[in-house]
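Asker:
Numbering (UniProt numbering), first residue to last: 1 to 186.
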């Protein structure tokens, strides 16, 4: 298991958004991958208030090299890493990983470092001027998740995911979201 993530054994391979046609993304996955608004809000619109967050990891860690490049942060620098599982009615729906540099936390007045079980989307989409800067796509094989995650999500098929660079007051954060089979039915 990587000490950079409690989710993966190996970092996913990410593709630029412009390669959609080559990736053959199913329509139900594309609907979530290209969602312009908050995934949390979309989940709440469908499932109601029973959407909850289980925090799997919330600590200062080094990001993967590709994450550091996207954040324009020196490799090896510590960032706040938050990895969560979103549920509704005890059914896992979305795995998420967020990398937040210290400068972004400062510009957001520390609101991003004390989320607890609060969904990130609930916070960042409340910032006026939130910018979406880039989107990448992946399909992750089950063998790339660590054993604990495999047991929690109990999925034996590849998962589609996206990672998005957002900016708050021109300071970046990276949000990776992986869509579990239950969510793709809605």
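Backbone N, C-alpha and C define an ideal beta-carbon position, used for all residues, glycine too.
1. Should the segment 47-59 be called in touch with the segment 77-89, which here means at least 3 C-beta pairs below 8 Å?
2. If I measure Cβ to Cβ from residue 8 and keep anything under 7 Å in the same chain, skipping five residues before and after, which residues do I get?
3. From residue 46 to residue 185, what does the alpha carbon distance come to, in whole angstroms?
4. Please tell me whether residue 175 and residue 88 are closer than 8 Å, where the distance is taken between their beta carbons.
5. Which same chain residues end up closer than 6 Å to residue 125 when comparing Cβ atoms and leaving out the 5 residues on each side of it in sequence?
6. For residue 160, I'd like the list of residues in its chain whose CB is within less than 7 Å of its CB, leaving aside the five on either flank, ordered along the chain.
7. Can you tell me whether DSSP reads residue 176 as helix, strand or coil?
8. Between residue 171 and residue 103, is the Cβ-Cβ spacing less than 8 Å?
9. Measuring straight from C-alpha to C-alpha, what distance separates residue 14 and residue 136?
10. When we look at the beta-carbon of residue 133 and count the other beta-carbons within 10 Å, is it buried (16 or more) or exposed?
11. Of the choices 91, 155, 149, 167, whose alpha-carbon is the least far from that of residue 52?
12. Quick one: measure Cβ to Cβ for residue 78 and residue 130, integer angstroms, because I've assumed they're closer than 8 Å.
13. Identify, in the order they occur along the chain, each residue of the same chain with its Cβ nearer than 8 Å to the Cβ of residue 17, setting aside the five sequence neighbours on each side.
14. May I ask which residues mark the beginning and end of the beta strand (DSSP E) holding residue 78?
15. Where residue 86 and residue 74 are concerned, what is the direct C-alpha to C-alpha distance, given to the nearest angstrom?
Answerer: Walking through what the data contain:
1. yes
2. One-based indexing of the chain shown puts residue 8 at position 8. Within the same chain, residue 8 has close Cβ partners 2, 144, 145, 146.
3. Position 46 of the chain shown holds residue 46. Position 185 of the chain shown holds residue 185. Approximately 11 Å between the Cα atoms of the pair.
4. As a first step, residue 175 is located in the chain shown; it is residue number 175 there, counting from the start. As a first step, residue 88 is located in the chain shown; it is residue number 88 there, counting from the start. No.
5. On the chain shown, position 125 is the one that residue 125 refers to. For residue 125, where only same-chain residues beyond five positions count, the Cβ hits under 6 Å are 38.
6. Along the chain shown, one-based indexing puts residue 160 at 160. 25, 29, 33, 139, 179, listed in sequence order.
7. Walking along the chain shown from the start, residue 176 turns up at place 176. Three-state DSSP puts residue 176 in a strand.
8. Position 171 of the chain shown holds residue 171. Position 103 of the chain shown holds residue 103. In this structure, residue 103 lies closer than 8 Å to residue 171 by Cβ.
9. Taking the first residue of the chain shown as position 1, residue 14 is located at position 14. Taking the first residue of the chain shown as position 1, residue 136 is located at position 136. If you draw a straight line from the Cα of residue 14 to the Cα of residue 136, it comes to about 6 Å.
10. Counted from its first residue, the chain shown places residue 133 at position 133. It is exposed - the Cβ of residue 133 has fewer than 16 other Cβ atoms within 10 Å.
11. Locating residue 52 in the chain shown gives position 52, where the first residue counts as 1. Nearest option by C-alpha distance: 91.
12. Position 78 of the chain shown, counted from the start, is the residue given in the question as residue 78. Position 130 of the chain shown, counted from the start, is the residue given in the question as residue 130. About 24 Å; that fails the 8 Å criterion.
13. Start at 1 with the first residue of the chain shown, and residue 17 comes out as number 17. Closer than 8 Å at Cβ, skipping near neighbours: 134, 135, 136, 137.
14. Within the chain shown, the letter at position 78 stands for residue 78. Note, residue 78: beta strand (DSSP E), 78-88.
15. On the chain shown, residue 86 is found 86 positions in, with the first residue counted as 1. On the chain shown, residue 74 is found 74 positions in, with the first residue counted as 1. Cα to Cα, the separation comes out at about 30 Å.
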